[in-house]
Amino acid sequence: MSKGKYKRQRENAQEKQGQPSIPLGDEKGSSQLNTASFDNPASNRGNQKKPSSWYGRAWEWIKKDYVTSISVAVFTGVLAAVSIFQGCMMRRQLAEMQRAQLPFVFTSANLGNNWLSESEHDLQVTISVRNVSAYPATNAIASKTKIWMGATPNADEVIKHCEIEYPPNPIKLTFAPMSPGVINFDALNTVHTDYINDKTRIQNGIDSVVIYGGIKYSGVNGGEFETPYCYVFLPKGDFRFGTCQCGSIK
0 MSKGKYKRQR ENAQEKQGQP SIPLGDEKGS SQLNTASFDN PASNRGNQKK
50 PSSWYGRAWE WIKKDYVTSI SVAVFTGVLA AVSIFQGCMM RRQLAEMQRA
100 QLPFVFTSAN LGNNWLSESE HDLQVTISVR NVSAYPATNA IASKTKIWMG
150 ATPNADEVIK HCEIEYPPNP IKLTFAPMSP GVINFDALNT VHTDYINDKT
200 RIQNGIDSVV IYGGIKYSGV NGGEFETPYC YVFLPKGDFR FGTCQCGSIK
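The sequence shown lines up with residues 0 to 249 when you count with numbering that gives the first Met the number 0.
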């Protein structure tokens, strides 16, 4: 080999050694992108969000359950206060109607079936009516009794409105005055809820059942009156139904 040719080969080798390498990408980023492996599925997740811890999920559940419990407690407290107020109002109204020789139509709600039985899949409620005054009620018209079942926090909106619908061509009734020592009620009609999928929701106060309607009537001594009624089913305790704020004589 000639001296000149050897010199050129040596210079070419030095140039190759000093030539900077071209990176394919950021070293860290490349390792993240190119280390996917079927043997290690965790390496394929990249920057996916990690699942929340068990205590995080527990805290979310506690917050949701706490809000529901507070809503149920508030609704129950308001219902109890309204029932006491309605009882006082009715006693005062009855005394006023008696003094004015006018009728006083009163309603009650009664459970119509053993709704907790495995063979029962709805809740039936019978509305009964009685004229508790010493004076008859004439030309009485009963509305369509409505029954609502749903989440307890939504029941308050239903109770506030109590939209009563009377039939366009009603059958008019007469309710005789109350006989001494007799407190019999006449059955008006029976309504039932939709199919109940989970009875524990009603038992635990998560869902509520509201029944409402009205009766219009006249007095033999004049006057036109209306008794709207509204009841909320109470799954626990001695009393099965509590009264709502829209149930009061007009």
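Ideal Cβ placement from N, Cα and C applies to all residues, glycine included.
Between the alpha carbons of GLY221 and GLY149 lies a distance of about 41 Å.
In this structure, ALA141 lies near ASN188, with their beta-carbon atoms less than 9 Å apart. ASN153 and ASP237 have their C-alpha atoms some 25 Å from each other.
Contact check between the region 128-144 and the region 193-202: fewer than three CB pairs, one atom from each, fall below 8 Å, which does not count as touching. Around the beta carbon of ASN196, fewer than 16 other beta carbons lie within 10 angstroms, which makes this residue exposed.
Following the DSSP letters along the chain, one finds ASN153 inside the alpha helix (DSSP H) bounded by residues 151-160.
The continuous stretches of alpha helix (DSSP H) do not include THR192, and DSSP gives it neither H nor E. According to the DSSP secondary-structure assignment, GLU223 is paired through a beta bridge with SER217. By the neighbour-count criterion, in which a residue is buried when 16 or more other Cβ atoms sit within 10 angstroms of its Cβ, PRO102 is buried. Segment contact: the region 203-222 against the region 160-172, three or more CB-CB distances shorter than 8 Å; contact assigned.
It is roughly 14 Å from the alpha-carbon of PRO234 to the alpha-carbon of SER116. PRO227 and VAL124 have their C-alpha atoms roughly 16 Å apart. Contact annotation, ALA136 with THR173: C-beta distance approximately 7 Å; criterion of less than 8 Å satisfied. If you check the CB distance, SER217 and THR151 do not come in under 9 Å. For VAL131, the closest of VAL104, ASN138, VAL157 and ASP121 by C-alpha to C-alpha distance is VAL104. Looking at the DSSP output, TRP147 shares a beta bridge with VAL209. In the three-state reduction of the DSSP assignment, ILE170 falls in the coil class, being assigned neither a helical nor a strand state. Straight through space, the alpha carbons of VAL128 and LYS171 are spaced by roughly 14 Å.
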